[in-house]
Amino acid sequence: MGAGLPTEAVERRCAAVKLASAGLAFGERTLWQGLNLEIAPGEFVAVLGPNGSGKTSLLKVLLGQLALSSGTADIAGGSARAGNPDIGYVPQQKTIDAGVQLRGVDLVGLGIDGHRWGLGLRHRAERKRKVRAAIADVGAEKFAYAPLESMSGGEQQRLRVAQALVGDPKVLLCDEPLLSLDLANQRLVSELIDRRRRTHDTAVLFVTHEINPILPLVDRVLYLVDGKFRIGTPDEVMTSAVLSELYQTEVDVLRVRGRLVVVGTGDAMDVLGAAGAQHPHGAMLSEELPESSGVRS
Ligand SMILES: Nc1ncnc2c1ncn2[C@@H]1O[C@H](COP(=O)(O)OP(=O)(O)O)[C@@H](O)[C@H]1O
Ligand SMILES: [Mg+2]
Numbered sequence: 001m002g003a004g005l006p007t008e009a010v011e012r013r014c015a016a017v018k019l020a021s022a023g024l025a026f027g028e029r030t031l032w033q034g035l036n037l038e039i040a041p042g043e044f045v046a047v048l049g050p051n052g053s054g055k056t057s058l059l060k061v062l063l064g065q066l067a068l069s070s071g072t073a074d075i076a077g078g079s080a081r082a083g084n085p086d087i088g089y090v091p092q093q094k095t096i097d098a099g100v101q102l103r104g105v106d107l108v109g110l111g112i113d114g115h116r117w118g119l120g121l122r123h124r125a126e127r128k129r130k131v132r133a134a135i136a137d138v139g140a141e142k143f144a145y146a147p148l149e150s151m152s153g154g155e156q157q158r159l160r161v162a163q164a165l166v167g168d169p170k171v172l173l174c175d176e177p178l179l180s181l182d183l184a185n186q187r188l189v190s191e192l193i194d195r196r197r198r199t200h201d202t203a204v205l206f207v208t209h210e211i212n213p214i215l216p217l218v219d220r221v222l223y224l225v226d227g228k229f230r231i232g233t234p235d236e237v238m239t240s241a242v243l244s245e246l247y248q249t250e251v252d253v254l255r256v257r258g259r260l261v262v263v264g265t266g267d268a269m270d271v272l273g274a275a276g277a278q279h280p281h282g283a284m285l286s287e288e289l290p291e292s293s294g295v296r297s
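Numbering follows the numbering used here, in which position 151 of the sequence shown is assigned residue number 151; successive positions increment by one, without gaps.
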């Protein structure tokens, strides 16, 4: 064997996701443009930003549901297109309509390539095996055969993750998968996804309002605000200077006991929520935190 390519070059060639000069506009309104992003297999990238900044639209581009206005989007070895079985998708959580008697196991089965169904006994047995394995992977054996509407939010979300992973995708796209989950389930779902990318080299693009539950897992952050964006490690992006520039207002990022506290953006990322913009930045918060509270910078 020859010396081979440097690791960096190999990763670049085999990027799981590659956006080049990508832009998306609706009429006069440009959500983002000039976006260059390559995600390596197994990399965990968080997408942050206020409501309406175009996070969901970015996932829709990669799912082939929306066309870029400029540039190119490649994913899992080809141009973004609808129905790519190498992409797993956890859509933003919807409540299950009462009366829909879909069981957990049926939901997971929907994640398997539809057109292969009914091709014979061998395929049916294989499908059953995969569904069972995916259910076991998320620890849902005990409740997977119950109707979805009878489950807690955390149980439903674990099965949605199983559905997204049952086809063994190269890329996993998640849209606010922790929304409305309690802390224990936020951790459980995040760790399931993290384990998968480590064991299967699945690239993860994870849209979230709340970075703290996934902060220890994230390799890089794409932070979108009103047409502007920054890409880098959490330490590079989640700083007062960078967020102040993105939001065009004074924003403070504090580290408190390993958590990030963001003050002044006025959106849901903010510790003060929508009220944040009305308060002088940080004043309320710092009064509440004694010197010994672990605030580092
Ligand atoms: N198909 C569409 N046509 C026109 N505007 C759209 C369309 N899809 C999304 N938008 C607009 O683009 C903006 C960004 O939406 P979205 O990607 O859902 O943001 P986010 O997920 O960051 O909250 C919103 O203002 C939304 O109304
Ligand atoms: Mg969204």
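Don't be surprised by glycine CBs; every beta carbon is placed ideally from N, CA and C. Keep in mind that this is a model prediction, so the values were computed, not measured.
Ligand 2 never approaches residue 226 closely enough for any of its heavy atoms to be under 7 Å from the residue's Cβ. Taking 8 Å as the upper bound for CB-CB distance, residue 192 and residue 138 are in contact here, some 6 Å apart.
Residue 71 and residue 99 have their C-alpha atoms spaced approximately 44 Å apart. Pairing residue 90 with residue 131 gives a Cβ-Cβ distance that is not under 8 Å. About 15 Å separates the beta carbons of residue 198 and residue 45, which is beyond the 8 Å limit, so they are not a contact pair. Looking at the backbone, the Cα of residue 18 and that of residue 242 are separated by about 24 Å.
Within a 10 Å sphere around the beta-carbon of residue 152 sit fewer than 16 other beta-carbons, which makes this residue exposed. Non-local beta-carbon contacts of residue 25 in its own chain, meaning distances under 7 Å to residues more than five positions away in sequence, involve 31, 69 in chain order.
Excluding the 5 residues flanking it on each side, residue 23 has same chain C-beta neighbours closer than 6 Å at 33, 69, 70, 71, in chain order. Exposure of residue 216 is indicated by the presence of fewer than 16 other C-beta atoms within 10 angstroms of its C-beta. Residue ranges of uninterrupted beta strand (DSSP E) with 3 or more members, entirely inside the stretch 112-199 and ordered along the chain, are 171-175.
Only buried fits residue 185, as 16 or more other CB atoms lie within 10 angstroms of its CB.
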